[in-house]
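For the sequence shown, the numbering used here assigns the number 139 to the initial residue and increments by one for each residue that follows. Note that CB positions come from ideal geometry on N, CA and C, so glycine has one too. Since the model is a prediction, treat every value here as computed from it, not as a measurement. In what follows, a structure is listed as structure tokens, so that the remarks can point back to it.
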Amino acid sequence: MSLFDTHCHLDDKRFAEDFGGVLQRARDAGVTRIATIGCCNSLENVPRALDVARAHADWVVASSGVHPHDAKSWSPELRDAIVAIAGDPLLVAIGETGLDYHYDNSPRREQAEAFRDQIALARQVKKPLIVHTRSAPEDTLAILREEQARDVGGIIHCFSETPEFARAALELGFVSSFSGIVTFKNAVEVREAARLQPLDALLVETDAPYLAPIPHRGRRNEPAYVAHTADCIAALRGIDPAEVRERSFANALRVFGMTA
139 MSLFDTHCHL
149 DDKRFAEDFG
159 GVLQRARDAG
169 VTRIATIGCC
179 NSLENVPRAL
189 DVARAHADWV
199 VASSGVHPHD
209 AKSWSPELRD
219 AIVAIAGDPL
229 LVAIGETGLD
239 YHYDNSPRRE
249 QAEAFRDQIA
259 LARQVKKPLI
269 VHTRSAPEDT
279 LAILREEQAR
289 DVGGIIHCFS
299 ETPEFARAAL
309 ELGFVSSFSG
319 IVTFKNAVEV
329 REAARLQPLD
339 ALLVETDAPY
349 LAPIPHRGRR
359 NEPAYVAHTA
369 DCIAALRGID
379 PAEVRERSFA
389 NALRVFGMTA
């Protein structure tokens, strides 16, 4: 069955030397769709992920947004630049945006402001939102509620919270996407969330080049490895791996508004 890596960063310089090999290994692993996520901190790199998708338009799509680490760079000019490319059909989402209190690379007030503004932006351009949340579960859910983001909908990417958070997010219109973290045996709550998440609200991703799953932990991650994540979730749930692959693929198409 086909796999959809719903979140990676193909424009990362760590892929530069063997980019063709990365894509070929993904195809060989059964990956037929990839979403490459644009994390913008300047006008120049707003279209960077979209440019990658345009070069591989038969199977790669993109997003664009300002990561919470870079929230201090958020500006009306950046917002306008994202709006300018949002009409491209290969631009399937806004983000990643959200809150990261683990590193606090940007002041929390500025993270919240950029997050709220990008919810409004996603609503304006009628695209789903990709949410990054780390060590900020209560504030993330509060902002999604306050901004009435259910009509926007989207993805809690690289899920790292509790089953209760996953349920609350789903009530707000956000499915959960599981990364290689789910293969780590000490990630007890994440594994339980993956086991309990409704199959029609579950996605898989790599977040490559970060967070390689077991058996590749500690190495550079790449889209091919999403197969390990999908198969681990199947094992946790006691179901056929083909079912996780098929359902997560269909879910991704639905969330991103894609037909195939």
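DSSP bridge partner residues for residue i (one or two, in chain order)
i, result
"residue 313", "293"
"residue 340", "314"
"residue 199", "173"
"residue 236", "270"
"residue 231", "201"
"residue 146", "174, 346"
"residue 141", "169"
Close-in-space but distant-in-sequence residues of the same chain around residue i (CB under 7 Å, 5 per side omitted)
i, result
"residue 334", "301"
"residue 325", "319"
"residue 217", "255, 259"
"residue 329", "320, 374"
Reference residue i; option with closest CA among the options
i, options, result
"residue 309", "230, 169, 294, 361", "294"
"residue 260", "396, 235, 152, 182", "235"
"residue 269", "233, 252, 170, 242", "233"
"residue 289", "266, 253, 206", "266"
"residue 165", "141, 174, 156", "141"
"residue 144", "175, 156, 209", "175"
"residue 339", "321, 306, 397, 199", "306"
"residue 247", "281, 231, 223", "281"
"residue 172", "160, 192, 156, 198", "198"
"residue 242", "393, 221, 271", "271"
Residues near residue i by beta carbon distance below 8 Å, same chain, minus five either side
i, result
"residue 363", "167, 318, 344, 346, 350, 351, 354"
"residue 215", "181"
"residue 321", "351, 352, 355, 366, 367, 370"
"residue 336", "308"
"residue 285", "254, 257, 258"
Assumed close pair residue i, residue j - CB separation to whole angstroms, cut-off 8 Å
i, j, result
"residue 368", "residue 342", "5 Å"
"residue 177", "residue 208", "7 Å"
"residue 200", "residue 263", "About 14 Å separates the two Cβ atoms, so there is no contact after all."
Residue i - containing alpha helix (DSSP H), residue span
i, result
"residue 370", "364-375"
"residue 299", "First-last for residue 299: undefined, no H or E at that position."
"residue 386", "379-394"
"residue 285", "Residue 285 -> no alpha helix (DSSP H), and no H or E assigned at all."
Close-in-space but distant-in-sequence residues of the same chain around residue i (CB under 6 Å, 5 per side omitted)
i, result
"residue 303", "275"
"residue 211", "179"
"residue 358", "152, 347"
"residue 148", "174, 190"
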